[in-house]
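If you're matching positions, the sequence shown starts at 258 in this note's numbering and goes up one per residue. Every residue, glycine too, gets a C-beta built ideally from N, C-alpha and C. Quick notes on the structure that follows.
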Amino acid sequence: MSEITLRNVCKEFEKGHFAVKDFNLDIRDREFIIFVGPSGCGKSTTLRMIAGLEDISDGELWIDGELCNYYEPKDRGLSMVFQNYALYPNMTVYGNLAYALKIRKVPKKEIDERVHKVAKTLEIEHLLDRKPAALSGGQKQRVAIGSAIIRKPKAFLMDEPLSNLDAKLRAQMRIELAKLHKELETTIIYVTHDQTEAMTLGTRIVVMKDGVVQQVEAPIELYDNPVNLFVAGFIGSPSMNFFDAYVGEENGKVVVWLGGKNQEKKIYLKGYQAEMAKLKVMNKPVVLGVRPEDIYEYEEAKERGIEKDTQGVEEIVTAREMLGAEVFLYFDAQCKTHAVRLRPENNTCTGEKIRFYFDTERVHIFDKETEENIFYREGAQK
Ligand SMILES: Nc1ncnc2c1ncn2[C@@H]1O[C@H](COP(=O)(O)OP(=O)(O)OP(=O)(O)O)[C@@H](O)[C@H]1O
Ligand SMILES: [Mg+2]
Numbered sequence: 258m259s260e261i262t263l264r265n266v267c268k269e270f271e272k273g274h275f276a277v278k279d280f281n282l283d284i285r286d287r288e289f290i291i292f293v294g295p296s297g298c299g300k301s302t303t304l305r306m307i308a309g310l311e312d313i314s315d316g317e318l319w320i321d322g323e324l325c326n327y328y329e330p331k332d333r334g335l336s337m338v339f340q341n342y343a344l345y346p347n348m349t350v351y352g353n354l355a356y357a358l359k360i361r362k363v364p365k366k367e368i369d370e371r372v373h374k375v376a377k378t379l380e381i382e383h384l385l386d387r388k389p390a391a392l393s394g395g396q397k398q399r400v401a402i403g404s405a406i407i408r409k410p411k412a413f414l415m416d417e418p419l420s421n422l423d424a425k426l427r428a429q430m431r432i433e434l435a436k437l438h439k440e441l442e443t444t445i446i447y448v449t450h451d452q453t454e455a456m457t458l459g460t461r462i463v464v465m466k467d468g469v470v471q472q473v474e475a476p477i478e479l480y481d482n483p484v485n486l487f488v489a490g491f492i493g494s495p496s497m498n499f500f501d502a503y504v505g506e507e508n509g510k511v512v513v514w515l516g517g518k519n520q521e522k523k524i525y526l527k528g529y530q531a532e533m534a535k536l537k538v539m540n541k542p543v544v545l546g547v548r549p550e551d552i553y554e555y556e557e558a559k560e561r562g563i564e565k566d567t568q569g570v571e572e573i574v575t576a577r578e579m580l581g582a583e584v585f586l587y588f589d590a591q592c593k594t595h596a597v598r599l600r601p602e603n604n605t606c607t608g609e610k611i612r613f614y615f616d617t618e619r620v621h622i623f624d625k626e627t628e629e630n631i632f633y634r635e636g637a638q639k
């Protein structure tokens, strides 16, 4: 069992300057929790406070029902894996794996069994006699993870453990980690910059900005129902497209003009979206957000019956990326580049014009001042 609770946890490195502010989170047993956010937002600091490597300035840290603020790191029952996997260079892989057990005076025979079991799980049995210098990046990473697993901790804390690996190895290790999480049945708290890691590994994602938690949600929920402009822009790659826009009424319909009131480019809202827009931002400037996959060309828009909801959005393609299973078209508007994800059959070339259609049931509207998503549905999936 390993439940970790943070109650109003703060970190103040300098007086009045919070690296982490009022961090609240209930991490359930066996969760794979991901911390994401821009550089300097407090991810590592939070993890280090949980591990006991950094003092908690204010608030409470509970691990399995015990208040742990003042526990020594070694007494918290957690294992940490760092970005720069700390292996002992003079020891073999076997020695590195065995080390934590040796200093805990575990009997030799048991150490031997546990080392082999972990090595087997991570497929590094054939490397046990090698020194770290003779290992590849991915192999070193496995040893580092192995030396964390072998202690049978209550939970693992991992700070960007894959960031030193190349893209292919990263993808491989990502799948290994997912398997490992299933197999070990322990709680993992994992810091990453990587969108794919966050979306695929996490049971829940914590998005942070300037030391403050913005939203905690299951990956798909976060993707579909972001609480604010920041979360909407941070989750997803290529990111959500944002347009300055204005909400008004036209022939009894709720309309969102791109660029400003009465502009030629516009979309019509329906149902829930129309109601919320009417309620919250009627006759106001807003930010309109739409993901690349929620924009279509005419044929597909017609198939979906949404071709009448967008008018006048005709753009010149400034770049085209063919990825095989999909094609990305880019266009410039409002001094920004926007992305559209289409079926690979679409053969619009760079420099050509194309008309786009938004799936207006999938767009988001953000209050220009508060940056809140006015379509956000609280507790939508609970
Ligand atoms: N020992 C320290 N003394 C003073 N300020 C610190 C210290 N460690 C971190 N900070 C500051 O606290 C803030 C949060 O840092 P932290 O390392 O937690 O960010 P992060 O989210 O892990 O960023 P990255 O993605 O770059 O690793 C930053 O502004 C950082 O400069
Ligand atoms: Mg960090």
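Euclidean distance between Cα positions of residue i and residue j
{"i": "T302", "j": "I402", "result": "21 Å"}
{"i": "V400", "j": "V363", "result": "19 Å"}
{"i": "K593", "j": "V372", "result": "54 Å"}
{"i": "D589", "j": "K535", "result": "29 Å"}
{"i": "K559", "j": "Y529", "result": "22 Å"}
{"i": "M497", "j": "I462", "result": "18 Å"}
{"i": "L426", "j": "K436", "result": "15 Å"}
{"i": "A428", "j": "D315", "result": "38 Å"}
{"i": "P601", "j": "V547", "result": "20 Å"}
{"i": "G490", "j": "T457", "result": "18 Å"}
{"i": "K523", "j": "I622", "result": "14 Å"}
{"i": "Y342", "j": "E323", "result": "29 Å"}
{"i": "L515", "j": "R561", "result": "22 Å"}
{"i": "E454", "j": "E557", "result": "31 Å"}
{"i": "I477", "j": "E629", "result": "19 Å"}
{"i": "T449", "j": "V488", "result": "15 Å"}
{"i": "L494", "j": "D451", "result": "For the record, residue 494 in the displayed sequence is Ser; it is not Leu. Roughly 10 Å between the two C-alpha positions."}
{"i": "P549", "j": "P295", "result": "22 Å"}
{"i": "Y328", "j": "R305", "result": "13 Å"}
{"i": "E269", "j": "F292", "result": "19 Å"}
{"i": "D321", "j": "K365", "result": "30 Å"}
{"i": "H595", "j": "F500", "result": "9 Å"}
{"i": "N485", "j": "A308", "result": "30 Å"}
{"i": "H438", "j": "A475", "result": "17 Å"}
{"i": "A391", "j": "F339", "result": "20 Å"}
{"i": "N265", "j": "G509", "result": "47 Å"}
{"i": "L354", "j": "I368", "result": "9 Å"}
Residues of its chain near residue i, where Cβ-Cβ distance is below 8 Å and the 5 sequence neighbours each way are ignored
{"i": "W443", "result": "Per the sequence presented here, residue 443 reads as Thr, with Trp not at that position. Closer than 8 Å at Cβ, skipping near neighbours: S259, R287, P410, K411, A412, F413."}
{"i": "L310", "result": "P330, M337"}
{"i": "V473", "result": "L282, R461, I462, V463, V464"}
{"i": "Y480", "result": "M456, I492, G493"}
{"i": "E532", "result": "none"}
{"i": "C298", "result": "M465, K466, D467, G468"}
{"i": "C267", "result": "F275, V277, K278, D279, F280, I313, S314, D315, G316"}
Contact set for residue i: own chain, Cβ-Cβ below 6 Å, skip 5 residues either direction
{"i": "I406", "result": "V375"}
{"i": "V350", "result": "L384, L385, R387, V400"}
{"i": "L696", "result": "Residue 696 lies beyond the stretch modelled for the chain, which goes from 258 to 639, so this question has no answer here."}
{"i": "V513", "result": "A502, V504, I524, L545"}
{"i": "I446", "result": "I290, L414"}
{"i": "P346", "result": "P389"}
{"i": "L419", "result": "R427, M430"}
{"i": "K639", "result": "Per-residue confidence for K639 stands at a pLDDT of 45, beneath the threshold of 50, marking its modelled position as unreliable; the derived number appears in the next sentence. Taken in chain order, the list of residues that qualify is empty."}
{"i": "V584", "result": "L599, P601, N603"}
Sequence-distant residues of the same chain with beta carbon closer than 7 Å to residue i, five excluded per side
{"i": "N326", "result": "I313, E317, L318"}
{"i": "G569", "result": "E521, K522, K523"}
{"i": "Q650", "result": "As displayed, the chain neither begins before 258 nor continues past 639, which places residue 650 out of reach and without an answer."}
{"i": "K300", "result": "F292, G294, V448, M465"}
{"i": "R285", "result": "E260"}
{"i": "L526", "result": "V511, V513, A534, T617"}
When the options are compared against residue i, the one with the closest alpha-carbon
{"i": "Y614", "options": "V597, P495, A343", "result": "V597"}
{"i": "E521", "options": "E532, E507, Q530, G528", "result": "E507"}
{"i": "D551", "options": "V266, P295, E618, K523", "result": "E618"}
{"i": "R408", "options": "Q396, A357, L434", "result": "A357"}
{"i": "P483", "options": "E635, K565, V266", "result": "E635"}
{"i": "E571", "options": "E609, R285, L526", "result": "E609"}
{"i": "V511", "options": "L580, I432, V538, L335", "result": "V538"}
{"i": "R612", "options": "E433, K565, E370, D624", "result": "K565"}
{"i": "A582", "options": "G394, L599, T567", "result": "L599"}
{"i": "T605", "options": "S404, Y553, A308, N421", "result": "Y553"}
{"i": "G517", "options": "I432, H438, Q591", "result": "Q591"}
{"i": "D423", "options": "E440, Q398, T627, L441", "result": "Q398"}
{"i": "Y555", "options": "G297, I631, D616", "result": "D616"}
{"i": "G334", "options": "G352, R361, E626", "result": "R361"}
Test: residue i CB closer than 8 Å to a CB of chain D
{"i": "F292", "result": "Within the model displayed, chain D is absent; a lone protein chain is all it includes."}
Kindly provide the chain-ordered list of residues whose Cβ lies closer than 5 Å to any non-hydrogen atom of ligand 1.
This criterion selects F270, A276, S296, G297, C298, G299, K300, S301, T302.
Sufficient close CB pairs (3 or more, under 8 Å) joining the region 464–475 to the region 268–278:
yes
I want to know whether the region 539–550 touches the region 565–577 - three or more CB-CB distances under 8 Å.
no
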